[in-house]
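J.: Residue numbers (numbering that gives the first Met the number 0): 0 to 188. One structure is given below, represented as structure tokens, and several questions about it will come after.
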Amino acid sequence: MNCPYCHYYDSKVIDSRDVNDGIRRRRQCLSCGSRFTTYERLQPSGLFVIKKDQRREEFSKDKLLTGIRKACEKRPLPTGAVDKLADDIEAELYRMGKPEIPSAVIGDMVMERLKNLDYIAYIRFASVYRQFTDITALKKEIDNLVSDERVSLPTSQLPLLPAEELGGVAKSGRRSRKWKQVVGPKTNK
Ligand SMILES: [Zn+2]
Numbered sequence: 000m001n002c003p004y005c006h007y008y009d010s011k012v013i014d015s016r017d018v019n020d021g022i023r024r025r026r027q028c029l030s031c032g033s034r035f036t037t038y039e040r041l042q043p044s045g046l047f048v049i050k051k052d053q054r055r056e057e058f059s060k061d062k063l064l065t066g067i068r069k070a071c072e073k074r075p076l077p078t079g080a081v082d083k084l085a086d087d088i089e090a091e092l093y094r095m096g097k098p099e100i101p102s103a104v105i106g107d108m109v110m111e112r113l114k115n116l117d118y119i120a121y122i123r124f125a126s127v128y129r130q131f132t133d134i135t136a137l138k139k140e141i142d143n144l145v146s147d148e149r150v151s152l153p154t155s156q157l158p159l160l161p162a163e164e165l166g167g168v169a170k171s172g173r174r175s176r177k178w179k180q181v182v183g184p185k186t187n188k
């Protein structure tokens, strides 16, 4: 690799250490003396995604990242959370060791993780990915989230509703009364 400052072709390694999935080398240019860092990483063998229409497309982390970023746009997520999510999914896909993976499997992996990260991003992603055909399907998904949230709120999760509203719904028991009305009194046949 040429020196990024003077483009001289040769450098010496002054430090080298193992990082997660490769080797990091600290180098010094033999011409201008500038120091720079290079990473050496194994190029994973090709991974292909099986699309809905059965076409195969080479897996692209950039594409994955674009989809997740869109869903997380303007959400108050910690810096790096989205990149980490994409990194985790990529790593898991390669760990599976399969040459081809259906796009639905990847979509589900994203959904699963977004659910633990941010409900709004999750709903946004789901509305594109699951292609909710009507408002009822979307409402059902949100209802599931709200009732899940009352049972256990993941610590990393941003609340979907302000705390008072959640408490109000839980205390009023609106849901159970409504349920009784729908079921109605028992009838004997
Ligand atoms: Zn140089």
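Using N, Cα and C, we set each Cβ at its ideal position, and we do this for glycine too.
To the nearest angstrom, how far is the alpha carbon of LEU29 from that of ASP17?
T.: 24 angstroms
J.: Three or more C-beta pairs closer than 8 angstroms, one from the segment 43-55 and one from the segment 70-85: is that the case here?
T.: no
J.: Measuring alpha carbon to alpha carbon, tell me which residue in ALA90, GLU72, ALA70 is nearest SER59.
T.: ALA90
J.: By the 10 Å Cβ neighbour count, where 16 or more other Cβ atoms means buried, how is TYR4 classified, buried or exposed?
T.: exposed
J.: Restricting to Cα atoms, I'd like to know which of LEU41, LYS62, PRO98, GLU39 is closest to VAL81.
T.: LYS62
J.: Between LEU84 and LYS139, what straight-line distance do the alpha-carbon atoms span, to the nearest angstrom?
T.: 26 angstroms
J.: Per DSSP, what kind of secondary structure is PRO31 in: helix, strand or coil?
T.: Correcting the residue identity first, residue 31 is Cys in this sequence and not Pro. Residue state, collapsed to three classes: coil.
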